[in-house]
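Have a look at the structure below before the remarks.
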Amino acid sequence: MTAETLLSLRGLTVRFRLPHGETVAVDGIDLDLAAGEVLGIVGESGSGKSQVLYSLMGLLAANGRAGGQALFEGVDLLSLSRRQLDTLRGQHISMIFQDPMTSLNPYRRVGDQIAEGLIVHEGLSRSAAQAEAVRMLDRVRIPDASNRARRFPHEFSGGMRQRVMIAMALLTRPKLLLADEPTTALDVTIQAQVLDLMAELARETGTAIILVTHDLGVVARLCGRVAVLYGGRVMEEAGAQALFSTPAHPYTRGLLDAMPRLEQALTPRLGTIPGTPRSGGGDVIGCPFAPRCTERIARCTTERPAFLERSHLGGTRSAACHLIPEVAE
Amino acid sequence: MLRFVGKRLWNGSLTLFALVTLTFFVMRLAPGGPFSRNRKISPEVQANIEAAFHLDEPIWQQFGRFVWGLLHLDLGPSTRFRDYSVGDIIASGLPYSLTIGAWAVLLAAFVGIALGIAGAMRRNGFTDYAAGTVGVIGIAIPIFVIGPVLQVIFAVKLQWLPVGSWNDGWRSLVLPVVVLALPNIAYISRLTRASMIETMRENYVRTAVAKGIGPTRTLMGHTLEGALIPVIAYLGPATAAIITGSILIETIFALPGIGRHFVDAALNRDYPLVMGITLLYGALLILFNIVTDLIRAWIDPRLRNAH
């Protein structure tokens, strides 16, 4: 762990107790995030990508348990009490959720909701916090911010509500912003606008971002580094450029083949990954992607591939696959 | 706001008029009348009495007379309690029912909501099970069982409180208020618990938790508002029902409220008294529904422009 490492996940697991046993949502993830860095986490529905964020924020459902380590500036978030966690979340770690339509309290004025964090975390007076909230609303380009702050969420459009969420999340100048599919619920025409705004403001405050998404276009646009999740494990992690140009893992390749590209507009069909996504279930012995992998060998179903650095493939890159040689051949 | 209240009051008066009209005619369709008794009286006397109360007039004329009286706030004389007007009877009984009912509603709301919140916050914990048990007991055991049992314990054995009547100041109030509140405590706590659990799953509550503002602020500032809306919707009509008296409570504790008149008047075919009490209950029901709507609009801004 280098001096500027902000967040370091070591063997992070998330398990849910169910009436008929246990399901593993996140199955031993190692990831590092430097201060100010933008990391994308991509994966299909059920790959455990959102649960990674929830576990860091202490927001897992009541039957969920996080294991392993999540070191934020050297402090293990998973070992903190609720009270200790409250001194970090909302101030140094903020989160933006998927659905802006339901993520704001419908009964309270938008300005009050934004200001609340400042009042609690930085001890500002109500009026000072309100003024900060208005200033922040202005920065997320809500027109007529001082009047808008006195309005209720239902008087805002979806895109505006998500900008309110961004204002709320970045108001305390957090070191880490967790964004859980922040634009999935928004109109396509404003998705890019909202994302760019989020990234721009985060850059100004020096905030690192973990951006969870299933949209590879979003990743290409914003992220310096990408981790590809499948079945609760990281399949491959690399710089965004390197990952898109030379995907090493069979799953990453399948994912990229399934993405429409402008230059291939005349190709009759998009690539598909055969089979159905793995979702939940108990422990997996081999590689979770093995049942759907077209390049599967015998080892894949019997032995868990280690998540190892493969720097010989160019840049800093790690992957978990038996087919990728561990050293240059 | 004023326009909303005005409109609701106007609509409420129309509803109330429909209610009394219906009651007036349905009651007269029922067999028997105020003066048809087993006791034999001569036809002449019968006719005289009925003429004195205008019961010999055609029904539409009686209805006109009733509406005319209503417009002058005169509900007419009771046919059962000679020399008393319906207004007198309601005015003498209502304060007792109102006092007991208002305390019972307050007690039920406070205790019920507190138990419901405690249960939802520590689900399956001791408080939750304790509140659940109280809830089942409160709903399952009728007032006419709990009332006498409490009388035996607190009045007869321990002698802390009077068995009944209205002569002991606040001490007379305790047992009837508690017994009247109990089923409502049970219902309100169940309602609050379910509503709290549902609200705690809302995304905006998750946002509040993620802000790190702490459990108390999350509860008071975010969860509670939404969770209380169904409880308030229940409390409005329930308050109207509770403060207009309960025949069981008033019989068990020998209280001079108006609850027993509800039943007595109908059994005795005391037409004017039935009309008066129906009117009172209907008016209170409509009034408390308006109050409920105002409180809900005060909590939920989305309802404000809808009116």
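Just so you know, the protein sequences line up as chains P and A, in that order. Numbering-wise (the numbering used here), the first sequence opens with residue 1 and increments by one. Numbering-wise (the numbering used here), the second sequence opens with residue 330 and increments by one. From the three backbone atoms N, C-alpha and C, an ideal C-beta is built for every residue, glycine too.
So, is Trp432/A buried or exposed, given that buried needs 16 or more other C-beta atoms within 10 angstroms?
-> With 16 or more Cβ atoms within 10 Å of its Cβ, Trp432/A is classed as buried.
Starting from Gln91/P, find everything on chain A with Cβ-Cβ shorter than 7 Å and list it in chain order.
-> Chain-ordered, the chain A residues with CB closer than 7 Å to the CB of Gln91/P read Gly541.
Where do the ends of the alpha helix (DSSP H) carrying Arg535/A lie?
-> Run containing Arg535/A: 532-539, per the alpha helix (DSSP H) assignment.
Quick one: which residues of the region 65-96 of chain P get their C-beta closer than 8 Å to a C-beta of chain A? List them in chain order.
-> Those would be Arg82, Arg83, Leu85, Asp86, Thr87, Leu88, Arg89, Gly90, Gln91, Ser94, Met95, in chain order.
Quick one: which chain A residues come within Cβ less than 9 Å of Asn63/P?
-> What Asn63/P touches in chain A: nothing, since even the nearest Cβ is about 12 Å away.
Counting pairs of beta carbons, one from the region 157-171 of chain P and one from the region 132-148 of chain P, are three or more of them closer than 8 Å?
-> Yes: the two stretches touch, three or more of their Cβ pairs being nearer than 8 Å.
Can you list the residues of chain P that Asn532/A reaches, using a CB-CB cut of under 8 Å?
-> One finds Phe97, Asp99, Thr102, Ser103 in chain P with Cβ atoms closer than 8 Å to the Cβ of Asn532/A, taken in chain order.
Is it the case that the Cβ atoms of Gly422/A and Gly586/A are separated by a distance below 8 Å?
-> Cβ atoms of Gly422/A and Gly586/A: closer than 8 Å.
Answer yes or no: does any C-beta atom of chain A fall closer than 8 Å to that of Cys181/P?
-> With the sequence shown as reference, residue 181/P is identified as Glu, and Cys is not the correct amino acid for it. With its beta carbon at least 8 Å from every one in chain A, Glu181/P lies outside the interface.
Could you please give the first and the last residue of the uninterrupted alpha helix (DSSP H) stretch that includes Leu53/P?
-> It spans 49-57 - the alpha helix (DSSP H) in which Leu53/P sits, taken as one unbroken run.
Could you confirm whether any beta carbon from chain D is found closer than 8 Å to the beta carbon of Glu132/P?
-> The chain inventory of the structure shown lacks chain D, comprising the protein chains P and A.
Quick one: which residues of the region 104-115 of chain P get their C-beta closer than 9 Å to a C-beta of chain A? List them in chain order.
-> Contact residues of the region 104-115 of chain P toward chain A are Leu104, Asn105, Pro106, Tyr107, Arg108, Arg109, Asp112, Gln113 (C-beta to C-beta distance below 9 Å).
Which residues mark the beginning and the end of the beta strand (DSSP E) in which Gln69/P is found?
-> DSSP places Gln69/P in the uninterrupted beta strand (DSSP E) bounded by 64-72.
What is the rounded straight-line gap between the Cα of Leu553/A and the Cα of Met525/A?
-> Across the structure, Leu553/A and Met525/A are spaced so that their CA atoms are roughly 7 Å apart.
Span separating the alpha-carbon of Phe354/A from that of Pro505/A | The alpha-carbon atoms of Phe354/A and Pro505/A are separated by roughly 35 Å.
Could you tell me whether any Cβ in chain A is nearer than 8 Å to the Cβ of Phe152/P?
-> Phe152/P has a beta carbon lying within less than 8 Å of a beta carbon in chain A.
Residue range of the beta strand (DSSP E) that includes Met235/P = Taken as a continuous stretch (DSSP letters only), the beta strand (DSSP E) holding Met235/P covers 233-239.
For the region 42-62 of chain P, which residues have a beta carbon sitting closer than 7 Å to at least one beta carbon of chain A?
-> Of all residues in the region 42-62 of chain P, Met57, Leu59 have a Cβ within less than 7 Å of some Cβ in chain A.
Are there three or more Cβ pairs, one per stretch, closer than 8 Å when the region 181-190 of chain P is compared with the region 120-129 of chain P?
-> The region 120-129 of chain P and the region 181-190 of chain P do not touch, with fewer than three beta-carbon pairs separated by less than 8 Å.
According to the neighbour-count rule (16 or more other Cβ atoms, all chains shown, within 10 Å of its Cβ), is Gly275/P buried or exposed?
-> Taking every protein chain shown into account, the CB of Gly275/P has fewer than 16 other CB atoms within 10 angstroms, so this residue is exposed.
Beta-carbon of Gly117/P versus every beta-carbon of chain A: anything under 8 Å?
-> Output row for Gly117/P: interface = yes.
For the region 200-214 of chain P, which residues have a CB atom closer than 8 Å to at least one CB atom of chain A, in sequence order?
-> So nothing in the stretch comes that close.
Which of the three DSSP states, helix, strand or coil, is assigned to Ala149/P?
-> Ala149/P carries a coil assignment under DSSP once its states are collapsed to helix, strand and coil.
Is it true that the CB of Leu7/P sits closer than 8 Å to the CB of Leu104/P?
-> In this structure, Leu7/P does not lie closer than 8 Å to Leu104/P by Cβ.
Val14/P touches chain A at which residues, Cβ-Cβ below 9 Å?
-> Within chain A, no residue comes near Val14/P; the closest Cβ sits about 16 Å away, beyond 9 Å.
Give me the Cβ distance between Leu171/P and Ile209/P, rounded to the nearest whole Å; I'm assuming they're in contact under 8 Å.
-> Rounded, the Cβ-Cβ distance is 16 Å, inconsistent with contact.
Simplified DSSP state of Met95/P, which is helix, strand or coil = Strand, per DSSP.
Looking at the unbroken beta strand (DSSP E) that takes in Asp180/P, where does it start and where does it end?
-> 176-180 is the extent of the beta strand (DSSP E) around Asp180/P.
Using a Cβ-Cβ cut-off of 8 Å, state whether Glu527/A counts as contacting chain P.
-> Not closer than 8 Å to any Cβ of chain P, the Cβ of Glu527/A fails to qualify, so no.
Does DSSP put Tyr230/P in a helix, in a strand, or in coil?
-> Note: Tyr230/P maps to strand in three-state DSSP.
Closest by CA to Leu118/P, which one among Ala449/A, Gly541/A, Tyr600/A?
-> The shortest CA-to-CA distance from Leu118/P to any of Ala449/A, Gly541/A, Tyr600/A is the one to Gly541/A.
Hey, Arg409/A and Pro363/A: beta-carbon distance below 8 Å or not?
-> Yes, these two residues count as a Cβ contact at 8 Å.
Counting along the chain, where does the beta strand (DSSP E) carrying Ser8/P start and finish?
-> 5-18 is the extent of the beta strand (DSSP E) around Ser8/P.
Taking only beta carbons into account, state which residues of the region 573-604 of chain A come closer than 8 Å to chain P, listed in chain order.
-> Within the region 573-604 of chain A, no residue qualifies.
Is the distance from the Cβ of Leu60/P to the Cβ of Val110/P below 8 Å?
-> Between Leu60/P and Val110/P, the C-beta spacing is not below 8 Å.
Interface residues of chain A around His121/P at Cβ under 9 Å?
-> The contacting residues are Lys540, Gly541, Ile542.
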